[in-house]
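Chains as they are written, first to last, in my numbering: chain A, 3 to 181; chain B, 369 to 837. We put the CB at the ideal spot given by N, CA and C, even for glycine. Below: the structure, in C-alpha cells.
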Amino acid sequence: MKPRTPMYGLLAEFHDANELVVAASRAYEAGYRRLDAFTPFPIEGLAEVIGFREKKLPLLVLVGGIVGAITGFGLQYWTSVLAYPLNVGGRPYNSWPAFIPVTFEMTILFAAFTAVLGMLALNGLPMPYHPVFNAPGFALASRDRFFLLVEARDGKFDRDETARFLRSLRPREVVEVAH
Amino acid sequence: MTDSSHKRLAEAAEYETAPVIEPGHTFGSLTDKISAIVLTRQTPKMWFVGAAVSAALTLVLLVSLTKLVFTGVGIWGNNVPVGWAFDIINLVWWIGIGHAGTLISAILLLLRQSWRTSINRFAEAMTLFAVSCAVIFPLFHTGRPWLAAYWLFPYPNTMGLWPQFRSPLIWDVFAISTYGLVSLAFWFVGLIPDLATLRDRSRNRWTQMIYGMLAMGWRGSAVHWYRYETAYLLLAGLATPLVLSVHTVVSLDFAVGILPGWHATIFPPYFVAGAIYAGFAMVLTLAIPLRAMYGLEDFITNRHLENMAKITLVTGLIVVYGYAMEAFFGWYSANQYERFMLINRMTGPYGWSYWALIFCNGLVPQILWIKKMRTNLVVLFVVALVVSVGMWLERFVIIVTSLHRDFLPSSWGMYYPTVWDFSTFFGTIGLFLMLLFLFLRVLPMISIFEMRTLLPEAQVKEVEDLRVL
C-alpha cells in the first residue's frame, strides 16, 4: 500500500486574474481534474474552466418555494377550515383569495432560505479548517491574489512533474500545501 | 449645431464617463481603505458624538416602552375614533424607509446598475434597522407584547385559537417578518466574503476569531463563488417581488377597510412608490454625512448621489400622482362621504398637515430637476430631510384625517399626540442611528468584493479566446 501523502496539493500564486484563468484552462487541458482556484472576487466562467458543472441550486430553490407555498396554504386551510372553522356571515371557510398573501410570503421565505442554506451546504460551509489556509500568503486570496490549486489526489498528480508544469505557467510562486 | 446643443453633448459625454470609483485604485488599495475603517484603532471623533447622542435617544425609547408596559397604551394619545395614530404612522414610515435598501440591493442588481455596489451594503443595513424600529410599534400597541405570540403567529396554544388569516393585519405580520428575515439572509450572504477579508486582514486574535467564525471558513474557491453567485442572484430575484408585496400588504391594512380616505385601489402602487421615495431620501440623508466622515468620496461619488436624487425625483412624482388620483377619486365617486373626506382633509382641523405634505413632497423635490441643485450636497441633504418629513406627514394625513371624521358626526373627535408618542418616535430614531453607528464600527459599510469587480483589472477575457492562446 502506498503511504498516505502528507501533502494536500500544489498551489500556484498569480498576480492577475487573466493569468489565473489562462493557467487554469491550461491545467485542465493538461489533464488535471482535481483543480480549484481561489480568487478575491467571483470570476465569471472560472468554475467552468476547471471542469465544474452543476445546476442543483436553482432546482433546490424551486422545490423550497413549492414546499413553502404548500405549507403556507395548508396552514391557513387547516386552521380556517378544519381546526377552528369560524362562520363569518355565511362566507366560505376555504376563502382562498384571502389566503394568497400569506401563501406568497411563505413561498418567498422558504425559497430564500433554501437558496442561502443550500448554497452553504453544497459548498460545505461552515468549515473551520481547510488545508489550503496552511499555505503561506494565502490570506491574500481575500485581498488581491489569485491561486490555482492542484490537489494531490488527482490521478495525474506527481510532486515534481506537477510542480514543473505549474512553474511553466509562469506564476509568481508555487508552494506545497501541507495537509 | 448651436452652441447650446454642443454644450449639452459635452455634458452628456462627461456624464457617460463619470466613474463609479475614482481612478487609481487597485484591488489592494480598495480592500485596505474599506477594511481599515473597521480594523483601525482611530475611530473618527464624530463617531463617538453620533453614537453617544443616538444611545441617549435609545434610552428615551427604553423609558417610554417601560412606562407603556407598566401603565398601558393609554399613555399614547390614540383613542376612539382615532384608534390608530403614531404607532401605525411610524410603522409605515419605518417600513417604507427600509424599502430603498432592498431596491438598491436586489432590483438594481437585476437591472445591472453597477453604481449600486458602493451603497448597497449600508442601504441593506438601513433596511434591517428600519424594520427593527418598525416592528416595535405594532408590538407595543398590543399593550402586552409577550401575549402577542398567539395573536399574531399561528402558534399551537392550549386555547386552540388561531389567527384570522382573512385579515390584512395578519398578512402584514407574515409580510414584514418574511421581509425582515429575507433581508437579513441577503445581507449576511453579501457579507460572507468580506468577513473573510476582515479575518485575513486583522492582526488581533479576538477579531480574527470572531470574523473567522462569521466567515464560516470562506476561502474564495471558484466552485464556491459559482454557487454563491447563483444563490445571490436567486435571492435578488426573490427579494424583488417580496419588497413590492410588503408595502402592498401594508397598504391593504387601509385599503381593505371601508373608511373614506382608505378604501382606494390606488393604494398599493402609491404606497410602494412612496416607500422607495422615502427610502432613497433616507439613503441620501445618511450617505452625504457618512462619506464626508470617512473620506469615501472615491467610492460614493457624485454620480451615486445624482442618480439617487433622480430616483427620488421620479418616485416623488409618482407619489404626487397618487395624491392627485386620491383627490380625483374622491370627487368622481360622487359619494358624499368620499367628497366630505376630501374637503375635510384639505380644509378641516388637520388641513395644515395636508398642505405641509403637499409642500414637502410635491413642491420642494421639484428643485431636483435642476442639475446644479441636485449636485449641490447641501441642497440635496436638505431636500432629503424635507422628503422624510413629508412622508411622515403623508401617513399622518391618511390615518388621522380619515379616522377623525368618518360616517357618523356623533362619533367625530380630535386626536392629539402625547409626549410619550413623541418620545417613542424619537426614541426609535435613536435606536436606528445607534444600530447604524455600531454597524459602521464593526462591519465593512461598502461591499469590498463587489467593489473589486468594478475595477478594470477584474475584467477577464472570454474563456473561448483563452483556448486559442
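field: C-beta neighbour in chain A for B/D568, strict 8 Å
entry: yes
query: Based on Cα-Cα distance, which residue from B/V751, B/S570, B/A604, B/A599 lies nearest to B/F648?
result: B/V751
field: Partners in chain B for A/V134, counting only beta-carbon separations shorter than 9 Å
entry: R587, S589
message: Does the CB of A/P173 have a neighbour CB from chain B at under 8 Å?
response: no
Option nearest B/I735 by Cα separation, candidates B/E674, B/I405, B/L776, B/F454: B/E674
- prompt: Residues of chain A with CB under 9 Å from B/Y596, in chain order?
  reply: P44, M121, N125
Interface flag, A/T81 vs chain B, CB-CB below 8 Å: Taking Cβ atoms only, chain B reaches closer than 8 Å to A/T81, which makes this a yes.
query: Among the residues of its own chain, which have a CB less than 7 Å from the CB of B/E665, if the five just before and after it don't count?
result: Closer than 7 Å at the Cβ level, and outside the excluded window around B/E665, lie R659.
Nearest neighbour of A/P2, chosen from A/A19, A/G11, A/F112, A/M9 [CA to CA]: In the structure as shown, chain A starts at 3 and stops at 181, and residue 2 of chain A therefore has no counterpart that could be examined.
field: Where A/N89 falls: helix, strand or coil (DSSP)
entry: coil
- prompt: Which residue spans inside the segment 703–761 of chain B form an unbroken alpha helix (DSSP H) run of at least 4?
  reply: 704–715, 719–725, 739–742
- request: Can you check DSSP and say which residues form a bridge with A/L12?
  value: A/V152, A/E178
- prompt: Counting Cβ pairs, one atom from each stretch, are 3 or more of them under 8 Å apart for the segment 52–69 of chain A and the segment 103–116 of chain A?
  reply: yes
message: Less than 6 Å between C-beta atoms, sequence neighbours within five positions excluded: which residues of the same chain meet that for B/A564?
response: A583, W586
task: Give me the Cα-Cα distance between B/I504 and B/L552, rounded to the nearest whole angstrom.
output: Spanning the two alpha carbons is a distance of roughly 17 Å.
query: Using a beta-carbon distance cut-off of less than 8 Å, what residues from the segment 511–534 of chain B approach chain A?
result: P522, G528, L529, W530, P531, Q532, F533, R534
- prompt: How far does the alpha helix (DSSP H) with B/F805 in it reach, from first residue to last?
  reply: 787–810
task: Check the DSSP bridge columns for B/S589 and list the partner residues they point to.
output: A/F40
Residue range of the unbroken alpha helix (DSSP H) whose run includes B/P636: 635–661
message: Output needed for B/A646: all residues of its chain with C-beta closer than 6 Å, excluding positions within five of it in sequence on either side, in chain order.
response: So the list reads G464, I465, M759, once near-sequence residues are dropped.
message: In whole angstroms, give me the CA-to-CA distance for A/T109 and A/A25.
response: 43 Å
message: Here's the rule I'm using: 16 or more other beta-carbon atoms within 10 Å means buried, otherwise exposed. How should A/E15 be labelled?
response: Its Cβ being crowded by 16 or more others within 10 Å, A/E15 is buried.
message: Taking the alpha-carbon of B/L407 as reference, which of B/V682, B/V810, B/E818 has the nearest alpha-carbon?
response: B/V810
query: Looking at C-alpha atoms only, which residue of B/S422, B/A543, B/L429 is the closest neighbour of A/E107?
result: B/A543
task: Rounded to whole angstroms, what's the CA-CA distance from B/L837 to A/G11? Just pull it up for me.
output: Unreliable positioning characterises B/L837 in this predicted model, as indicated by a pLDDT of 42, which lies under 50. The coordinate reading is nonetheless provided below. Roughly 27 Å separates the two Cα atoms.
query: Along chain A, which residues have their Cβ under 7 Å away from the Cβ of B/E694?
result: Taking a Cβ-Cβ cut-off of 7 Å, B/E694 has no neighbours in chain A, whose nearest Cβ is about 23 Å from it.
message: So the candidates are B/A692, B/F749, B/T743; which of them puts its Cα closest to the Cα of B/I726?
response: Considering only alpha carbons, the answer is B/A692.
- request: With a threshold of 16 other CB atoms inside 10 Å of the CB of A/V90, please say whether the residue is buried or exposed.
  value: exposed
- prompt: Short check: CB of B/Y518 to CB of A/F54, under 8 Å?
  reply: no
query: The alpha helix (DSSP H) with B/K401 in it runs from where to where?
result: 395–407
query: In this structure, does DSSP put B/N446 in helix, strand or coil?
result: Looking at B/N446 - three-state DSSP - the assignment turns out to be coil, as it is neither helix nor strand.
task: Quick one: residues in its chain with C-beta nearer than 6 Å to the C-beta of B/Y722, no 5 flanking neighbours on either side, listed in chain order?
output: R713, M714, V765
task: Starting from B/G440, trace the alpha helix (DSSP H) both ways and give me its first and last residue.
output: From DSSP, B/G440 is part of no alpha helix (DSSP H); its letter is neither H nor E.
Exposure of A/I102, with buried meaning 16 or more beta-carbon neighbours within 10 Å: exposed
query: Looking at the structure shown, is A/S170 part of a helix, part of a strand, or coil, going by DSSP?
result: helix
message: For B/G629, which residues in the same chain have their Cβ closer than 6 Å to its Cβ, ignoring the five residues on either side in sequence?
response: M709, S770
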